[in-house]
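Peer 1: Could you have a look at this structure, given as structure tokens, before my questions?
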Amino acid sequence: MEELTGGINMNDFITILLPFFVLLGTIILCLLLEAFNIGKRLHGPITLIGTFIALLTIILDTSSGVIYVFANPNDIFDVSTSPGLLVIDDFYRFFAIVFLIVLMLVTLSSIDFISSERNIGVYYSLLIFSTIGMMTIAAANDLLIIFVAWELGSLPAYSLAAFQKSRAETSESALKFFLIGAMSSAFILFGISLVYGISAETNLQSIILAFSDLSSYTPLHIVALMFLFVGFGYKMAAVPFHAWAVDVYQGTPTTITSFLAAGSKAMGFAAVLRIIIFAFGEIEGGWGVVFAILAVVTMTLGNLAALVQENIKRMLAYSSIAHAGYMLIGLASINPLDRVASDFAIAATELHILTHAVMKLLAFTAVIIVAFSLKSENISEYAGLRKKHPWIAFGLTISLLSLMGVPPLAGFISKLLLFFAAIYANMAWLAVIGIINSAISIFYYLRVIKLMLIDKPLEEDEEATIVSVDRFTPYSVPISYQVALMSGIILIILIGILPGFFIDYALSAAQSLI
Amino acid sequence: MVALLTFGEIEIGVLSLIFLLPIIASFPTWLVGRVHNNFSKYFALIISGVVLGLTVLAWMMFEQHSWLPASLQISAAERSELALGGWVLKEIIPWIESIGMSYALGVDGLSMPLILLSGFIFFVSVLASFREIHEREPAYYAMLMILETGVLGTFIALDWVIFYVAWELVLVPMFFLIGIWGGPKREYAAIYFFIYTHVASLVLLLGIIGMWLQYAWDPGTISGTFSFIELSKHSFDSTQPLILLAFLALLFGFIVKVPSVPFHTWLPLAHVEAPTPGSMILAGLLLKMGGYGLLRTSGWLLPEILSQFAFLIALIGLISLLYGSWVALRQVDMKSLVAYSSVGHMGIVLLGVATQTSEGFAGAMFMQVAHGIISPLMFFLAGTIGHSTHTRNIPELKGFAKNMPLVAGVLVFGSFASAGLPGLAGFWSELLVFVALFMWEPIFAVIGVLGIIFTAAYYLWMLQRTVFGEANPKLAHSHDVSYFSQYTVLVLLCFFILVLGIFPALLLDVMKTATIFFGA
């Protein structure tokens, strides 16, 4: 603390924002290589190393507590403890780690996926730009910063969704994604303008004060918050704002699908968690019920629709919607009057965001490999996958079991905490509905597992009639996919068996938020 | 010396080894099987043998056997804790402190016999697999090892989360055992089994959370806990709706696993389709997990709540006993007959719990162990008969004793043991439970005895239609058991049925600390 006031602010400023600088440096390096058309194969590894260093700078950063950046208009390098534009706390650190893990795994699975495309440097720099936007959202302490970061997180994702522009369905889904995204941005901007109209402030701390006075509550307060929640709800893919997600997930290149399912969704939740604190002053349980209803509708619709899907990407998209519903249980359980219960609910949501990201990345990586190997994304084609690719079948099984919530995998721990939070907040009925939904979800996850591990491959019947050269050249899985698969499996089992560290971190993130 | 090195100075306890060794060994089991198919089965046999040895060691430590060196003996303080309903050989490591969750293992009079039983049944099941499983052996034995960790973990857990993790860990390998190595309708049976029991487990989870919250909300406690030790010391207020609901949720989770009518439908299907060793483990151990959970919850953690629901439990038990035995009469498939007999016998466990007396509990616990040895024998015989004659249809098996005299003889022995013939293991549990029932509510005992009569009836009728009479000419190709592994299985199982039948005190003494605690 002495150093902060002691005048060596420049140094602190750089240390605190080092992850951002590392990522920016990586972008510049990638774009330079691209501009001079050298090192076509280097982009992926460079991004990987840059992300890893950024991750290390966050993990190894020992300075805990809350630090504000850009608080002093006269000195841009000022680092202080009075509210500024960006807040560096455990909440930011937790989400930054989530986003960087997502970026690393997406990069790993992109290295081979994207190798035959042009403009690889642009692809990676867009990925990193989007991640920087997401990290900024987690650190934002000002509504305008939230909006700018939101756009920074979203716009590169729109162009990434259209990256393989030769495929017709990609263009279609990218356009859809962009239109919906632009609309949600408009909602957010309108919500922000209303909040500004009420409080004449954009700084979150000041807004909390303006919103905490119950006697001055007008319908405008509620409308303003509604606009914000709706805008963020699109990225969360919560029902009724989910319709875009399934088509977009199916149409975009699968690496970007996993980036959207893991990263963008987390960005939506990070933004809501950042602003939900000023909805706190609201009447007791008011928002809780709204979020609870959203949670019930979202998970039920997601799970029921996933039951009938024939395309694995569509199935995973609906499962992703269902998981947004589980995360909403956590938001619904935030109780303004009970600090401990709220901490717990937020921590549970954060942990589920992390585990869901890892599980989905693992699942989509497996889908990418199978799509290359079998040239199909149909679930029925997964029959007997264990014979061709035992490790991929194993990885996908682990991921699906974890999504299902089977202990001792990661998904179980976070789901347990979510239900726990709901019962803690006197919403046992919500936990019961969550459990019923978990039961429904078994059907479609188990079906894929059964096809992969128990059923015989389809080809055994066809072999006599169809002789295709393609079938006889076995697809060998590139090393980058193997690393992505292995790290996903290890993370899921690690979080499942030793969740203490992650839960404590999520709890301290939740505590720093309120 | 080796034991001293492992358990004396270093902090790894014997229970941790029992718990973790099988799952750690599952990957090597698969790996050595990739080298040569036969390696995996011998490796699995060695590991399950080692685990059996460790369970026996734990039992000797529990019993303070004079053969053990002083360093392995339990301290007097722990010993006195046992007499008060506590646990020994405890290992408690904080795991997630923020919600009061710890890695806690321990044994007491209730779990000790079941741990021995699990070690024993897994060893026997690996042996029984030698002649049964010829497909994808490495994966099969790896699954068995994971299953063993799940089953043992359920019995030695002292923390609800460890309990739940182990409880759920059982589902995945069992799903694959049924789904990959099962009979013709295996896929349907596997999915049915998984969904049914997983949903029940989720309800169980709600009950666990409810208990945690009630503990946290009760005056005098700071935060909730999952620890059995803390929960057993705490007395809950039976007028609180939350704890009543939590008990019902737990009860539901357990009776689906037991299983009791009307939640028994997964069992016959799973049994008929599962491979024979899978059936043996399913009947011998997986059902016992439900019974154990019920005994643990109602006797130790929530005895105050048990009295509120004793009639409900007794009613479910009685209906299971009568319905299970009645339906067993009509079964044509021998495996399905044994499956329904399991439903009936596990009903007796529920009746014993409902009496809330030490006799009733002792009888229920005895039934858990006795049925845990007898039903694997019956399933092994049914599987062997099916393997040899290519049918398990009782009418087609007429006079099979001609070609398979040994199997027929053991079948008669096993049927009598299961029907509760005095001198065999099944008898003592029924005696104890019915004595307790007569003292509690005689009407249940009077109706319950009908179930025992049905039990004798379906076994005798089955024997009459299969073993005796003119031989069916279609069975001419069948042959008796002829492999060393099969002989070993039969001898081991029959031996312990006889031993427990003649010396019931062997088991009752181990359980004594547990039941005395309840009586007081």
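Chains as they are written, first to last, in the working numbering: chain A, 937 to 1450; chain B, 900 to 1419. Cβ atoms here follow ideal geometry from the backbone N, Cα and C, with glycine treated the same way.
1) What in chain B is Cβ-close to A:Y1360, meaning under 7 angstroms?
2) If you scan the region 1125-1176 of chain B from start to end, which runs of the beta strand (DSSP E) of 3 or more residues do you find wholly inside it?
3) Taking the straight line between their C-alpha atoms, what separation do you get for B:I1079 and B:L1168?
4) How far does the alpha helix (DSSP H) with B:P1012 in it extend, from its first residue to its last?
5) Would you tell me roughly how many angstroms separate the C-alpha atoms of A:A1277 and A:L1387, rounded to the nearest one?
6) Going by the beta-carbon positions, is the gap between A:I1305 and A:V1413 smaller than 8 angstroms?
7) Which residues in the same chain have their Cβ closer than 7 angstroms to the Cβ of A:L954, if we skip the five residues on either side of it in sequence?
8) So, does the region 1278-1291 of chain A touch the region 1335-1350 of chain A, judging by three or more C-beta pairs under 8 angstroms?
9) For A:K1324, would you say it is in contact with chain B, using Cβ-to-Cβ distances shorter than 8 angstroms as the test?
10) At which residues does the beta strand (DSSP E) containing B:G1420 begin and terminate?
11) From the beta carbon of B:S997, is the nearest beta carbon of chain A less than 8 angstroms away?
12) Classify A:D1279 as helix, strand or coil using the three-state DSSP reduction.
13) Are three or more beta carbon pairs between the region 1085-1104 of chain A and the region 1189-1196 of chain A nearer than 8 angstroms?
14) For A:K1386, decide whether its Cβ has a neighbour in chain B, counting only Cβ atoms nearer than 8 angstroms.
15) Measuring only from the beta carbon, is A:L1252 closer than 7 angstroms to any heavy atom that is part of the ligand NAD?
16) According to DSSP, is A:I982 part of a helix, a strand, or is it coil?
17) Comparing the C-beta of B:H1097 with each C-beta of chain A, is any distance below 8 angstroms?
18) Roughly how many angstroms lie between the CA atoms of B:L1070 and B:G1109, to the nearest whole one?
19) In whole angstroms, give me the CA-to-CA distance for A:L1443 and A:M1235.
20) Could you check how far apart the C-beta atoms of A:K1311 and A:P1393 are, in whole angstroms? I think they sit under 8 angstroms.
21) Return the CA-CA distance between A:G1331 and A:F1205, expressed in angstroms with no decimal places.
22) Would you call B:I1401 buried or exposed, if buried means 16 or more other Cβ atoms sit within 10 Å of its Cβ?
23) Going by beta carbon distance, what residues of the same chain come within less than 6 angstroms of A:A1085, once the five residues before and after it are set aside?
24) Identify the residues that DSSP records as bridge partners of A:V1005: which are they?
25) Pull up the distance between the alpha-carbon of B:M1042 and that of B:Y1087, whole angstroms please.
26) I'd like to know if B:W994 contacts chain A, where contact means its C-beta is closer than 8 angstroms to some C-beta of that chain.
27) Quick check on B:P993: does DSSP put it in helix, strand or coil?
28) Return the residues of the region 1433-1449 of chain A that lie within a Cβ-Cβ distance of less than 7 angstroms from chain B, sorted by chain order.
29) Helix, strand or coil, according to DSSP, for B:G1319 in the structure here?
30) Just the chain B side, please: which residues come within less than 8 angstroms of A:A1375 by C-beta, in chain order?
31) Are B:L1068 and B:G1052 closer than 8 angstroms when you measure CB to CB?
32) Comparing the C-beta of B:V1071 with each C-beta of chain A, is any distance below 8 angstroms?
33) Of all the options B:F1153, B:I1351, B:F1208 and B:A1335, which has the alpha carbon lying nearest to the alpha carbon of B:A1227?
34) In terms of alpha-carbon separation, which member of B:L1141, B:H1244 and B:F1127 lies closest to B:W1116?
35) On a Cα-Cα basis, can you pick out the residue from A:A1032, A:I1229, A:I1433 and A:A1241 that is closest to A:A1202?
36) Please identify the residue among A:F1114, A:S1121 and A:I1359 whose C-alpha is closest to the C-alpha of A:L1164.
Peer 2: The relevant details are as follows:
1) Ordered by position in chain B, the residues that pass the 7 angstroms Cβ test against A:Y1360 are L1112.
2) The DSSP assignment places no complete beta strand (DSSP E) segment of no fewer than 3 residues inside the region 1125-1176 of chain B.
3) Using only the alpha carbons, I get a separation of about 15 angstroms.
4) Looking at the DSSP string, the run of the alpha helix (DSSP H) that includes B:P1012 is S1010 to S1028.
5) The straight-line gap from Cα to Cα measures roughly 41 angstroms.
6) Cβ atoms of A:I1305 and A:V1413: closer than 8 angstroms.
7) Setting aside the 5 residues that flank it on each side, A:L954 is surrounded in the same chain by T993, each with a C-beta closer than 7 angstroms to its C-beta; the list follows chain order.
8) Below 8 angstroms, enough C-beta pairs join the region 1278-1291 of chain A and the region 1335-1350 of chain A to call them touching: three or more.
9) By this cut-off, A:K1324 is not an interface position.
10) The question about residue 1420 of chain B has no answer, for chain B in this structure spans 900 to 1419.
11) It does: the Cβ of B:S997 has a partner Cβ on chain A nearer than 8 angstroms.
12) Reduced to three states, the DSSP call for A:D1279 is helix.
13) Between the region 1085-1104 of chain A and the region 1189-1196 of chain A there are three or more inter-stretch CB-CB distances shorter than 8 angstroms, so the stretches are counted as touching.
14) For A:K1386, the nearest CB of chain B lies under 8 angstroms from its own CB, placing it at the interface with that chain.
15) As far as ligands go, the structure on display features none, and thus does not contain the ligand NAD.
16) Here A:I982 sits in helix by DSSP.
17) Cβ-Cβ to chain A under 8 angstroms: yes for B:H1097.
18) Counting only the Cα atoms, B:G1109 lies some 23 angstroms from B:L1070.
19) Computed Cα separation, rounded: 24 angstroms.
20) Taking a contact as a CB-CB distance under 8 angstroms, the pair A:K1311 and A:P1393 does not count as one, their CB atoms being some 15 angstroms apart.
21) The alpha-carbon atoms of A:G1331 and A:F1205 are separated by roughly 27 angstroms.
22) So B:I1401 ends up on the exposed side.
23) Sequence-distant partners of A:A1085 (beyond 5 residues in either direction) whose C-beta falls short of 6 angstroms from its own C-beta, in its chain, are G1069, T1072, I1073 and A1076.
24) The partner list for A:V1005 (beta bridge, DSSP) reads A:V1015 and A:L1022.
25) Those two C-alpha atoms are separated by around 19 angstroms.
26) Flagged as an interface residue toward chain A: B:W994, by a C-beta distance shorter than 8 angstroms.
27) Three-state result, B:P993: strand.
28) Across the region 1433-1449 of chain A, CB contacts with chain B closer than 7 angstroms involve P1435, G1436, I1439, D1440 and L1443, in sequence order along the chain.
29) Three-state result, B:G1319: coil.
30) Residues of chain B passing the Cβ test: I1094, H1097, V1098 and L1101.
31) In this structure, B:L1068 sits near B:G1052, with a CB-CB distance shorter than 8 angstroms.
32) Look at B:V1071: its C-beta is under 8 angstroms from a C-beta on chain A.
33) Here the closest residue by C-alpha is B:I1351.
34) It is B:L1141 whose Cα lies nearest to the Cα of B:W1116.
35) It is A:A1032 whose Cα lies nearest to the Cα of A:A1202.
36) Proximity to A:L1164 across A:F1114, A:S1121 and A:I1359 peaks at A:S1121, based on C-alpha coordinates.
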